[in-house]
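Each residue of the sequence shown is one higher than the last, beginning at 1 in full-length UniProt numbering.
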Amino acid sequence: MNTLTQKHKINKKLIVIGLLIFFGIIFFVDLDPNKPEITYTAAIAFLMAFWWISEALPIGATSLLPILLFPMLGVLDGKSISNAYINYVIFLFIGGFIMALAMEKWNLHKRIALKILSIVGGSPFMILFGFMFSSAFLSMWMSNTATAMMMLPIAFSVNSALEEVHGEGKTEKFSSGLLLSIAYACSIGGIATLVGTPPNLSFLRIFEIIFPNAPEISFGQWITFALPIAFLMFIFTLFFLYLLFKPKEKLKTLHKSFFKDQYIALGKFSLEQKRVLILFVILAFLWVFRKSINLGFITTPGWSSLFKNPNFINDGTVAIFMAVLLFVIPSSKKNEALVNWEITQKIPWHIVFLFGGGFALAKGFLDSGLSTYIGNILASAGHFSPTFLVASLTGMMSLLTEFTSNTATTEMMLPIISGLAIQLKINPLLIMIPVTLAASMAFMFPIATPPNAIVFGTGRLSMISMIKTGFFINLFAIVIITIITLTWGTVIFNIDPAVFPDWANQTTINIQH
Numbered sequence: 001m002n003t004l005t006q007k008h009k010i011n012k013k014l015i016v017i018g019l020l021i022f023f024g025i026i027f028f029v030d031l032d033p034n035k036p037e038i039t040y041t042a043a044i045a046f047l048m049a050f051w052w053i054s055e056a057l058p059i060g061a062t063s064l065l066p067i068l069l070f071p072m073l074g075v076l077d078g079k080s081i082s083n084a085y086i087n088y089v090i091f092l093f094i095g096g097f098i099m100a101l102a103m104e105k106w107n108l109h110k111r112i113a114l115k116i117l118s119i120v121g122g123s124p125f126m127i128l129f130g131f132m133f134s135s136a137f138l139s140m141w142m143s144n145t146a147t148a149m150m151m152l153p154i155a156f157s158v159n160s161a162l163e164e165v166h167g168e169g170k171t172e173k174f175s176s177g178l179l180l181s182i183a184y185a186c187s188i189g190g191i192a193t194l195v196g197t198p199p200n201l202s203f204l205r206i207f208e209i210i211f212p213n214a215p216e217i218s219f220g221q222w223i224t225f226a227l228p229i230a231f232l233m234f235i236f237t238l239f240f241l242y243l244l245f246k247p248k249e250k251l252k253t254l255h256k257s258f259f260k261d262q263y264i265a266l267g268k269f270s271l272e273q274k275r276v277l278i279l280f281v282i283l284a285f286l287w288v289f290r291k292s293i294n295l296g297f298i299t300t301p302g303w304s305s306l307f308k309n310p311n312f313i314n315d316g317t318v319a320i321f322m323a324v325l326l327f328v329i330p331s332s333k334k335n336e337a338l339v340n341w342e343i344t345q346k347i348p349w350h351i352v353f354l355f356g357g358g359f360a361l362a363k364g365f366l367d368s369g370l371s372t373y374i375g376n377i378l379a380s381a382g383h384f385s386p387t388f389l390v391a392s393l394t395g396m397m398s399l400l401t402e403f404t405s406n407t408a409t410t411e412m413m414l415p416i417i418s419g420l421a422i423q424l425k426i427n428p429l430l431i432m433i434p435v436t437l438a439a440s441m442a443f444m445f446p447i448a449t450p451p452n453a454i455v456f457g458t459g460r461l462s463m464i465s466m467i468k469t470g471f472f473i474n475l476f477a478i479v480i481i482t483i484i485t486l487t488w489g490t491v492i493f494n495i496d497p498a499v500f501p502d503w504a505n506q507t508t509i510n511i512q513h
């Protein structure tokens with residue numbers, strides 16, 4: 001029996017198990033006799049969670065279930081639930097991804113990485129720094145998976161060069177650290193921007209669905225808050241990996257020309273690379289400075305205030321504008337733009353549907369009352385200090401995403417977390433933001449993130465080594481996220497841990513009515 005046939009048989013069994021759970025809840029569970037929609041939504045959530053985690057069906061296919069099940073069970077009408085699948089956050093993702101694909105098409109991402117490596121030099125520490133910095137920076141704007149895949153061959157060439165100098169086997173320990181540095185830096189860089197990793201975008205839209213009266217969270221606000229966390233994570237991980245994996249014998253420094261030669265081999269800085277780079281820089285600038293950013297001691301004005309209706313412009317508007325320009329601006333080839341329509345086939349549409357499914361589920365949680373129901377149960381455990389609450393929820397999320405899709409887990413957990421915030425009468429941002437960040441802080445297992453799986457798949461890492469290394473980085477992440485959220489985060493997002501904001505209270509009133 002081949003592997004595909006065996007997998008197909010297992011998937012069929014998992015589909016049946018999921019359906020049994022679904023119908024079991026529908027017919028034998030009654031969470032609230034006065035509101036059957038709560039039970040129906042719970043059944044849909046369990047079915048989707050089981051199929052998402054087990055991948056009994058393709059993730060994108062499972063994500064379409066709300067369009068069918070919510071209307072049939074009388075939770076939400078078809079029109080309302082379909083609207084969840086198309087919104088500005090989806091277009092923010094699509095526009096940002098088209099820019100990333102343009103960088104990939106013209107090899108700009110590799111040029112950036114090799115330029116950084118040629119500048120930092122070739123000592124073991126600086127090699128580690130160069131790879132981590134390149135991976136983290138690119139992952140702020142590109143897919144973490146694409147970044148890891150691109151950095152891997154460069155890492156292999158570095159390892160081969162070191163082996164030529166020192167002999168085979170002498171660089172094995174350092175090589176393991178180098179591979180882990182790529183995977184970990186991809187996850188760390190991803191949290192710094194809204195487009196860096198899917199859970200950030202999931203949070204943005206779910207927060208708006210549940211709290212429509214809340215102030216907008218802009219790209220600039222997010223990067224101002226999350227970049228310090230990413231920076232501290234980067235510094236800790238860099239030194240931790242170096243101390244853990246530095247070679248017993250001192251390795252000779254690779255000459256800067258090693259990376260410079262690879263950079264030169266890319267050829268001249270092409271017209272296309274220059275134009276894509278200029279558009280990328282403009283996009284980043286427009287995202288960061290679209291809206292005014294209050295730093296506590298100073299407020300930077302946003303360019304959108306120059307327009308008559310600044311609130312009409314969002315980060316999705318900017319992303320699509322720059323994506324359209326990529327289709328308009330010509331390349332050096334006759335009658336050809338920087339990108340063509342075929343490039344959109346590379347957009348991970350299953351992730352787009354996953355976003356939509358999560359947003360639909362969040363709307364179902366809110367409108368049915370399930371998020372409040374679960375929040376009541378969690379709140380009944382007692383009131384906790386903000387520090388304990390943030391730290392414990394961050395730790396729980398970090399552990400959960402070691403075994404499940406971080407995007408799917410985020411979309412399942414955030415409606416529940418928001419319900420808990422409402423019941424405890426605390427600012428929802430105080431716990432929703434750290435939980436979102438924690439979804440990307442999974443460093444222990446290969447299945448936790450695609451970059452982890454990619455570097456583990458090289459066969460040069462042991463599971464035990466990855467678990468031991470990742471465990472301490474996970475712990476540091478929990479501490480840093482908790483501290484920064486309760487200090488810098490309260491300034492950036494105007495959070496008073498002792499005050500339940502009016503916009504959150506308005507959601508409570510709407511649910512009760």
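Ideal placement from N, C-alpha and C gives every residue a C-beta, glycine not left out.
Best match in the options for proximity to residue i [C-alpha to C-alpha]
i           : options            : result
residue 367 : 397, 77, 57, 62    : 77
residue 155 : 23, 450, 458, 500  : 458
residue 463 : 176, 47, 15, 275   : 176
residue 319 : 447, 245, 281      : 281
residue 460 : 36, 173, 74        : 173
residue 264 : 499, 361, 115, 162 : 115
residue 324 : 72, 337, 332       : 337
residue 483 : 293, 392, 290      : 392
residue 73  : 97, 35, 410        : 35
residue 47  : 62, 33, 100        : 62
Residue i - containing alpha helix (DSSP H), residue span
i           : result
residue 78  : 78-83
residue 36  : 36-54
residue 205 : 198-210
residue 234 : 219-245
residue 383 : Per DSSP, residue 383 belongs to no alpha helix (DSSP H) and is neither H nor E.
residue 66  : 65-72
residue 360 : 349-368
8 Å Cβ cutoff met for residue i and residue j
i           : j           : result
residue 90  : residue 70  : no
residue 189 : residue 226 : no
residue 195 : residue 92  : yes
residue 406 : residue 443 : no
residue 390 : residue 417 : no
residue 131 : residue 151 : yes
residue 523 : residue 279 : Lying outside 1 to 513, the shown extent of the chain, residue 523 is not represented and no answer is given.
residue 206 : residue 414 : yes
residue 41  : residue 25  : no
residue 434 : residue 480 : no
residue 266 : residue 102 : no
residue 497 : residue 386 : yes
residue 219 : residue 288 : yes
residue 204 : residue 217 : yes
residue 200 : residue 178 : no
Cβ neighbours of residue i in the same chain (closer than 6 Å, five flanking residues each side left out)
i           : result
residue 128 : 181, 242
residue 125 : 242
residue 412 : 49
residue 88  : 314, 316
residue 60  : 350, 353
residue 522 : No statement about residue 522 is possible, as the shown extent of the chain runs from 1 to 513 and does not include it.
residue 427 : 495, 501
residue 185 : 132, 135, 136
residue 450 : 145
residue 445 : 402
residue 105 : none
Residues of its chain near residue i, where Cβ-Cβ distance is below 8 Å and the 5 sequence neighbours each way are ignored
i           : result
residue 404 : 52, 53
residue 57  : 11, 15, 51
residue 67  : 78, 81, 82, 85, 360
Any C-beta of chain D under 8 Å from that of residue i
i           : result
residue 301 : Checking the listed chains, one finds no chain D in this structure; it contains a single protein chain.
Close beta carbons around residue i, own chain, < 7 Å, minus the five adjacent residues each side
i           : result
residue 398 : 438, 441, 442, 474, 477, 478
residue 447 : 403, 453
residue 328 : 337
residue 197 : 144, 190, 191, 440
- [ ] Spell out a yes or no on whether the region 204-213 and the region 498-507 are touching, meaning 3 or more CB-CB pairs, one atom from each, closer than 8 Å.
- [x] yes
- [ ] Evaluate the contact criterion for the region 421-428 versus the region 139-159: three or more CB pairs, one atom per stretch, below 8 Å.
- [x] no
Task: Sufficient close CB pairs (3 or more, under 8 Å) joining the region 143-153 to the region 106-113 - done: yes
Open item on the list: Does the region 15-23 come into contact with the region 341-348, if we say contact requires no fewer than three beta-carbon pairs (one atom in each stretch) closer than 8 Å?
Closed with: no
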